[in-house]
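See below for the structure under consideration.
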């Protein structure tokens, strides 16, 4: 069994309130969950209106499949024009760790 995680550090564009921030972040989280079957949530910077952190996790029995899905998730977030991807942290864990 393998677990893969991604953590995205995002800078949001023309956002002036936490309400506007949520209206940008929620659709990204929902799309990650819907298209790729991952567990995803806003995990950091909840009190800042121009920064967001989204974390996701996926469990798989195959590292190739795991890497493929994580790559597609990263491309999805990086391709969103309303956010600037500052950094991505990727971790792979096995049940032998």
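In the numbering used here, the protein residues as written are 233 to 329. Quick reminder that beta carbons are idealized off the backbone N, C-alpha and C, glycines included.
| Query | Result |
| --- | --- |
| With respect to the alpha helix (DSSP H) encompassing residue 300, which residues constitute its N-terminal and C-terminal limits? | 295 to 310 |
| So, with DSSP's three-state summary, where would you put residue 209? | This structure cannot speak to residue 209, because the chain is shown only from 233 to 329. |
| So, are the CB atoms of residue 281 and residue 249 less than 8 angstroms apart? | yes |
| Residues in the same chain with beta-carbon distance under 6 angstroms from residue 270, minus the five sequence neighbours each way, listed in chain order, please. | 264, 288, 290 |
| Taking only the alpha-carbon atoms, compute the straight-line gap between residue 275 and residue 253 and give it to the nearest angstrom. | 13 angstroms |
| Per DSSP, what kind of secondary structure is residue 249 in: helix, strand or coil? | coil |
| Whole angstroms are fine: how far does the CA of residue 259 sit from the CA of residue 267? | 12 angstroms |
| What residue from 247, 315, 272, 246 has the CA that sits closest to residue 237's CA? | 272 |
| By DSSP, does residue 280 sit in helix, in strand, or in coil? | coil |
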